[in-house]
Every structure is written in structure tokens, then in C-alpha cells.
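Scroll down for the structure; my scribbles are underneath it.
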Amino acid sequence: MARFPIAEFKDLATPFYFYDLTLLDRTIAEIKRTSRDERFKVHYAIKANANPGILRRIQAAGLGVDAVSGGEIRAALEAGFHGDQIVYAGVGKTDAEIMLALDNGIGCFNVESEPELEIIDEISGSMGTKANIALRVNPNIDAHTHEYITTGLAENKFGINLEQLPSLIEKAQKLENINLAGLHFHIGSQITETEPFVMLCETINRIQDEWEEKGIRFKSINVGGGLGVDYADPDRHPIPDFEGYFKVFRNHLHLRSDQELHFELGRSVVAQCGSLITRVLYVKEGTTKRFAIVDAGMTDLIRPALYNAHHRIENISSPNDVKHHYDVVGPICESSDCFGKDEVLPAIRRGDFLALRSAGAYGEIMASQYNCRPLPSSYFFEK
Ligand code: PLP
162 MARFPIAEFK DLATPFYFYD LTLLDRTIAE IKRTSRDERF KVHYAIKANA NPGILRRIQA
222 AGLGVDAVSG GEIRAALEAG FHGDQIVYAG VGKTDAEIML ALDNGIGCFN VESEPELEII
282 DEISGSMGTK ANIALRVNPN IDAHTHEYIT TGLAENKFGI NLEQLPSLIE KAQKLENINL
342 AGLHFHIGSQ ITETEPFVML CETINRIQDE WEEKGIRFKS INVGGGLGVD YADPDRHPIP
402 DFEGYFKVFR NHLHLRSDQE LHFELGRSVV AQCGSLITRV LYVKEGTTKR FAIVDAGMTD
462 LIRPALYNAH HRIENISSPN DVKHHYDVVG PICESSDCFG KDEVLPAIRR GDFLALRSAG
522 AYGEIMASQY NCRPLPSSYF FEK
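The sequence shown runs 162 to 544 under the working numbering.
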């Protein structure tokens with residue numbers, strides 16, 4: 162079990178996100194160590210967590226950013242990232258967002274459809290500039306992950322299908338205000354096997370070979386994000402296997418010597434450094450169950466309700482007590498507001514602190530004010 166400075170929690174309003182910045186630093190250092198290749202460019206997918214304290218840390222370490230909205234571009238700029246360090250994806254970019262991106266000299270638009278390509282060309286022309294773009298390809302690869310977080314299958318709304326790709330490459334080359342820099346892919350999230358990434362490399366190799374035969378060479382390839390984390394046992398794997406991840410691309414992707422390879426890692430960068438800390442309000446005896454009712458709900462951490470995800474739950478107030486079975490539930494008026502069923506936990510009492518682990522990614526950023534609740538705050542910890 163991770164150590165928490167629990168004495169310092171006593172006077173804090175719960176629930177709050179606890180961020181271990183030392184672990185975040187170690188994680189980033191490992192990414193930098195294992196991605197060592199001057200052609201590799203790692204972007205942090207800001208959608209995973211846009212807390213300014215986290216962003217500033219990642220910015221200071223020198224990673225780039227992957228944004229999916231004008232709001233994320235602004236958050237990145239405010240944290241000190243430069244426009245050219247930002248790549249910008251999203252199936253529904255508005256005109257205002259495209260202008261914001263162009264105004265700030267965005268590194269690359271990841272373009273997801275033909276009409277979007279046309280609009281970016283039109284807007285950049287009217288602004289007297291040229292937009293760097295990559296075409297987001299939907300490679301039809303099954304990432305073996307939850308259906309809501311698989312994005313590379315033909316039936317998903319994301320990207321351009323392989324059949325439509327040739328005509329879009331040809332079109333992008335002809336448009337005057339577009340600079341076709343490369344191809345972009347992202348097959349899904351929480352991917353814990355190497356096979357989908359190997360398949361992605363093989364698809365990219367095929368596409369590149371075909372186009373090189375026609376005399377077209379891309380400056381950059383972007384393979385998106387997706388590396389998963391160990392939700393079941395975060396202390397066993399506090400830092401994901403970045404060495405193995407980057408090795409797949411080193412070994413299987415035929416990257417040309419003058420090409421850049423971009424990555425957009427989100428979850429794997431920030432998930433393990435965050436925990437949601439909640440106080441137990443009541444222990445309620447049901448007919449067949451015992452409920453631990455906590456003050457955090459699906460409004461603070463929606464992943465269990467949304468994806469049936471499970472976050473490891475720890476009683477950090479009395480870790481060594483005799484164990485009982487509990488359903489750990491929140492106060493929101495929805496039956497899906499449940500963090501765990503039949504959890505075996507050290508005896509829980511009113512006032513105890515529970516930690517919901519691995520909550521640094523897609524946690525705080527997805528919080529809502531449903532039931533007119535306040536948003537959770539955050540607490541930064543450094544050893
Ligand atoms: N890139 C794109 C285009 C995405 O849609 C996502 C997540 O949805 C990511 C990167 C980050 O993925 P992950 O957090 O799994 O690394």
C-alpha cells in the first residue's frame with residue numbers, strides 16, 4: 162500500500178485528488194530515458210489531466226502536448242507550452258478553435274475528415290498562413306480494450322478509413338494552404354498487450370511502402386497513445402513499462418532516418434501518481450450487504466460508472482484492521498454511483514479516509530457538478 166501523509170489530511174475538505182509529484186517526475190524521467198532517439202517526440206495527452214500543477218511539471222520536463230479542443234490549447238499555452246509543441250486532434254474542431262490554433266502556430270492538426278481538411282485550408286488561406294496537418298487514419302485494429310475507449314475500428318467516428326485515405330492524401334497535397342506533414346493513428350486506450358501496437362506498426366509500414374512507391378514520403382508519423390496501466394496493483398507497477406512500449410516501435414516500425422515519430426501518451430503518464438481521497442460518511446448495514454458510504458461520488462471519479470472501471474480501494478486510516486466485505490458507494494442519486502462491490506477491506510468506520518488509487522488520469526478532468534456538487538480540489542505531495 163502506498164504511504165499517504167494522512168496526518169495532513171485531517172483538516173482538508175474531502176474529496177480531493179492527491180498527486181504524488183515525485184512519482185510523476187520519476188515517470189517522466191523514465192519516459193525520457195526509454196524514448197531516447199532524437200526522432201521520437203513524446204506529447205502528453207492533456208485530456209487525461211489538465212490540472213495546472215501537473216501541466217507545469219510536464220512542461221518543465223520538456224514533453225510536448227496533444228490537445229483535442231481550444232480549451233486544451235489554452236490550458237497548454239497557459240502552462241508554458243509553445244504552440245509548435247502542440248498537436249491538435251478531434252473530430253469536431255470549430256472554426257474558432259481552428260483560428261486559435263493557427264494564431265498560436267500549432268505544430269500540427271490531426272485531421273479527421275475531408276470537410277475538416279477543406280475548412281482548415283479555407284481558414285488558413287484567409288489568415289494568410291499555411292497549416293501543418295497529419296491525416297488521422299483509422300487503421301481498423303482491435304485494441305482489445307473497453308468498447309468506449311477503442312478508437313481504431315472502422316465503425317468508430319474517429320479518423321479516415323483506409324479506403325478513403327488515398328484520395329485524401331492526393332487532395333491534401335493539392336490544397337494551397339495545407340502542408341501535409343504526415344499520418345496520425347490512435348487505436349484506443351488502456352492497451353495492456355503489445356500485439357495491437359505491433360499490428361499498428363505493420364499497418365503503418367504497409368501504408369508507407371505503398372506511398373513511397375508512388376514517390377510520396379511523409380515527414381512524420383504519429384502513433385497516438387494508449388499504453389495501459391496496472392489498476393489492480395498500482396504499487397507493483399507504479400511506472401508503466403515504457404521500455405517495452407517504445408521497443409515495439411523501435412523493432413517493428415520501419416521509421417525512415419529523416420522521419421519523426423510522435424507519441425501521445427496520457428493515461429500512462431499521470432494515472433498512477435493520482436489518488437482520490439474520500440472520507441467515510443456512514444457504514445450502513447443492509448439485509449445481505451454492508452455499505453461504506455463515502456463523500457466522493459461519480460461526479461468526482463466517473464470511470465467506474467462510465468466504463469465499469471475498477472480502482473483499487475484502500476482504507477488508509479486503519480490498514481491493518483480485521484477485514485470485512487463492503488460495497489463502497491457514493492452519495493449521488495444514481496445506482497451506478499458505486500466504486501466497488503464486495504470489496505474486502507480493513508474494518509471501516511465513520512471518518513476513515515479511503516484512497517481510490519490510479520485516479521490521476523481521466524479522474525479530476527472528468528469531474529462534474531451534477532447534484533450541484535462542488536468540484537474536487539487537489540493536493541500536491543513531494544517527498
Ligand atoms: N491521442 C488521441 C487522439 C486520443 O484520443 C487519446 C485518448 O483518448 C490519447 C492520445 C491518449 O490516450 P491514452 O491516455 O490512452 O494514452
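Cβ atoms here follow ideal geometry from the backbone N, Cα and C, with glycine treated the same way.
This structure is a prediction, so every number in the text was calculated from the model and none was measured.
Which residue marks the beginning of the alpha helix (DSSP H) containing residue i, and which one marks its end?
i           : result
residue 411 : 403-413
residue 358 : 356-374
residue 234 : 231-239
residue 193 : 182-195
residue 247 : Residue 247 -> not in any alpha helix (DSSP H); beta strand (DSSP E) instead, spanning 247-249.
residue 510 : Segment: none, residue 510 is in no alpha helix (DSSP H) and carries neither H nor E.
residue 263 : 256-264
Less than 7 Å between C-beta atoms, sequence neighbours within five positions excluded: which residues of the same chain meet that for residue i?
i           : result
residue 204 : 224, 225, 226, 227, 248, 423, 424 and 425
residue 334 : 341
residue 381 : 295, 342, 343, 420, 421 and 423
residue 521 : 180, 210, 431, 432, 433, 434 and 435
residue 391 : 397 and 398
residue 261 : 231 and 234
residue 527 : 463
residue 195 : 403, 404 and 407
residue 200 : 416, 420, 421 and 422
residue 191 : 400 and 403
residue 393 : 473
residue 246 : 225, 226 and 268
residue 525 : 178, 210, 212, 537 and 539
So, at 6 Å on beta carbons, what are the nonlocal neighbours of residue i in its own chain, with the 5 sequence-adjacent residues on each side left out?
i           : result
residue 242 : 220 and 226
residue 383 : 295, 345 and 423
residue 465 : 500
residue 250 : 229 and 271
residue 497 : 466
For residue i, which residues from the same chain have a beta carbon less than 8 Å from its beta carbon, with the 5 sequence-adjacent residues on both sides left out?
i           : result
residue 332 : 275 and 278
residue 115 : Past the edges of the chain, shown from 162 to 544, lies residue 115, and the structure says nothing about it.
residue 318 : 252
residue 530 : 460 and 536
residue 474 : 489, 500, 501, 504, 506, 515, 516, 517 and 518
residue 184 : 399, 400, 433 and 434
How is the beta strand (DSSP E) around residue i delimited, first residue to last?
i           : result
residue 382 : 381-383
residue 474 : 474-476
residue 207 : Run containing residue 207: none; DSSP gives neither H nor E here.
residue 501 : 499-507
residue 225 : 225-228
residue 516 : 514-517
residue 488 : 484-490
residue 540 : 538-542
residue 212 : Looking at the DSSP string, residue 212 is not in any beta strand (DSSP E), and its letter there is neither H nor E.
residue 270 : 269-272
Taking 7 Å as the cut-off, is the beta-carbon of residue i closer than that to any non-hydrogen atom of the ligand GDP?
i           : result
residue 296 : For the structure depicted, the ligand GDP is absent and the ligand set comprises only the ligand PLP.
At the 8 Å Cβ level, is residue i part of the contact set with chain D, yes or no?
i           : result
residue 208 : Of the protein chains in the structure, only one exists, and it is not chain D.
Scan the segment 388-463 and note each continuous beta strand (DSSP E) run of 3 residues or more that stays entirely inside, going in chain order. The DSSP assignment places 421-426, 435-446 and 451-455 as complete runs of the beta strand (DSSP E) inside the segment 388-463, in order along the chain (cut-off: 3 residues).
The segment 204-222 in contact with the segment 470-480 per 3-pair CB rule at 8 Å: Taking one beta carbon from each stretch, the segment 204-222 and the segment 470-480 have fewer than 3 pairs nearer than 8 Å; the two do not touch.
Considering only residues of the segment 282-351, which uninterrupted beta strand (DSSP E) runs meet the minimum length of 3 residues and lie entirely inside it, listed in chain order? Within the segment 282-351, the runs of beta strand (DSSP E) that reach at least 3 residues and sit entirely inside it are, in chain order, 292-299 and 339-345.
Just checking, does the segment 483-493 make contact with the segment 453-462 on the three C-beta pairs under 8 Å criterion? Flag = yes, the segment 483-493 and the segment 453-462 touch.
Can you find at least 3 beta carbon pairs, one from the segment 514-522 and one from the segment 162-172, that sit closer than 8 Å? Yes, the segment 514-522 is in contact with the segment 162-172.
The segment 399-411 in contact with the segment 265-274 per 3-pair CB rule at 8 Å: Touching, no, given that fewer than three Cβ pairs across the two stretches are closer than 8 Å.
Does the pairing of the segment 436-445 with the segment 176-193 give three or more beta-carbon distances under 8 Å? The segment 436-445, when compared against the segment 176-193, does touch it at the 8 Å Cβ threshold.
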